[in-house]
Amino acid sequence: MHRSSQTHRLAWRRAASPGSALRCAVRAAAVLLALILTGSVHATEAAAQWRFETMPFLWAAGQDGTIDFEEFHADLDIGFGDLIGEVDGALMLPVVGRNGRWGLRFEIVYVDISDQDADVSDTVIESVDYQANHRIMELAPSYSVFKVGPASVDVVAGGRYTRVENIFTFGGDSIMEMSLELQDRWIEPLIGIQAGGAVKRWTFAAHGDIGGFGVGADFTWQAFGYVGYTFSPRLTIRGGYRHFDTEFEDRDDDFIFDVTMSGLMIGASFRF
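The C-terminal residue of the sequence shown carries number 297 in the working numbering, and the numbering is unbroken.
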């Protein structure tokens, strides 16, 4: 018996393309840095005060929630054990800059999940293979409203670009193998607060933000925190936990993405 494959793609939303989103992010960063530097007496001296660090993390990003498209409904429940079995998860690539009370955070997150099971609302379908490829890009300036020594509390405001791609492959004795590919993308604003500090060689940080507000996503929120141990002035090993919740609905295409990602993360920071 020959098996056929059927794929359906959602129409793109009327959102900026990845290229235009990246250009907007770069322009926003350039404008922010220009404003900061022009506020100093000597722009070159101000630029020299900036300190940056990159903090790559591995994130065991399990997924829990629902995905809907027209009459199709899928429940996700992917835990830590499922991720380890398939070597799935996420890679976080943040770069953080600091100049006095001003800060700037730019982050790219890659989420890849493959060969996982999902529950769908169909009694004919016997097996469902789920794959996910998500890309998140965030740009968030910050300002310290409280700063004493290494301890600080910052307010954060910025934007986030998200692209989700979800592929469901269906199988069963009485049906042909089929696949359904659901994808969408959007840009949303965000506001938040973050805090950090250090005690001798130990460092700690916490961050929380909310976004969407009906612009791009309906509503998003995330929170993460970590502790680290400094081995040298340029190297710190960190570990923590991150939770990310997304509520998105594309009413034109009848697509709903209501999914949380959460799990442990571990990484290192390199200063330059």
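Yeah, the Cβ is synthetic: ideal placement off N, Cα and C, and Gly gets one too.
Burial state of residue i, where buried means 16 or more other Cβ atoms lie within 10 Å
| i | result |
| --- | --- |
| Leu163 | With the sequence shown as reference, residue 163 is identified as Glu, and Leu is not the correct amino acid for it. Flag for Glu163 reads buried. |
| Gly288 | buried |
| Phe94 | buried |
| Pro175 | exposed |
| Met201 | exposed |
| Thr261 | buried |
| Arg276 | exposed |
| Phe171 | exposed |
| Val173 | exposed |
| Ala68 | The predicted position of Ala68 is uncertain, since its pLDDT is 46 and thus under 50; no value can be drawn from it. |
| Gly106 | exposed |
Supposed close pair residue i, residue j - CB separation, criterion 8 angstroms
| i | j | result |
| --- | --- | --- |
| Tyr251 | Met290 | 7 angstroms |
| Ala242 | Phe273 | 5 angstroms |
| Gln88 | Ile138 | 7 angstroms |
Beta-carbon proximity check, residue i vs residue j, cutoff 8 angstroms
| i | j | result |
| --- | --- | --- |
| Trp75 | Asn124 | yes |
| Pro214 | Gly239 | no |
| Gly221 | Ser177 | yes |
| Ser169 | Arg130 | no |
| Phe244 | Arg267 | no |
| Val121 | Phe77 | yes |
| Val181 | Ile212 | no |
| Leu108 | Val284 | no |
| Arg263 | Ala293 | yes |
| Arg160 | Arg185 | no |
Which residues DSSP lists as bridging residue i, in chain order
| i | result |
| --- | --- |
| Gln74 | The partner list for Gln74 (beta bridge, DSSP) is empty, contrary to what the question assumes. |
| Glu274 | Ile281 |
| Val240 | In DSSP, Val240 forms no bridge with anything. |
| Phe249 | His232 and Arg267 |
| Pro166 | Leu129 |
| Phe256 | Looking at the DSSP assignment, Phe256 forms no beta bridge with any residue, so it has no partner. |
| Arg123 | Arg76 and Gly128 |
| Phe295 | Thr79 and Leu260 |
| Pro214 | Gly184 |
| Arg160 | Tyr135 and Arg188 |
| Ala115 | Trp84 and Val136 |
| Met201 | Note: Met201 sits in no beta bridge, so no partner. |
| Lys172 | Ser177 |
| Ile103 | Gln88 |
Reference residue i, options the options, closest by Cα
| i | options | result |
| --- | --- | --- |
| Met117 | Pro81, Thr228 and Gly128 | Pro81 |
| Ala99 | Phe297, Arg226, Asp275 and Phe280 | Phe280 |
| Asn158 | Asp102, Gly114, Phe295 and Glu274 | Gly114 |
| Tyr155 | Ser204, Gly264 and Glu274 | Ser204 |
| Pro258 | Lys225, Glu190, Gly104 and Thr194 | Lys225 |
| Gly312 | Leu207, Ile103 and Gln208 | Lying before the first or after the last residue shown, residue 312 is absent from the chain, which here runs from 26 to 297. |
| Ser152 | Arg160, Ile161 and Asp142 | Asp142 |
| Gly298 | Gly264, Phe297, Asp234 and Ser294 | The displayed coordinates of the chain run from 26 to 297. Any statement about residue 298 would go beyond what the structure contains. |
| Phe282 | Phe295, Thr228 and Glu190 | Glu190 |
| Phe229 | Asp179, Gly265 and Gly196 | Gly265 |
| Ile216 | Gly196, Met286, Asp179 and Phe195 | Asp179 |
| Gln247 | Met286, Phe193, Arg210 and Pro119 | Met286 |
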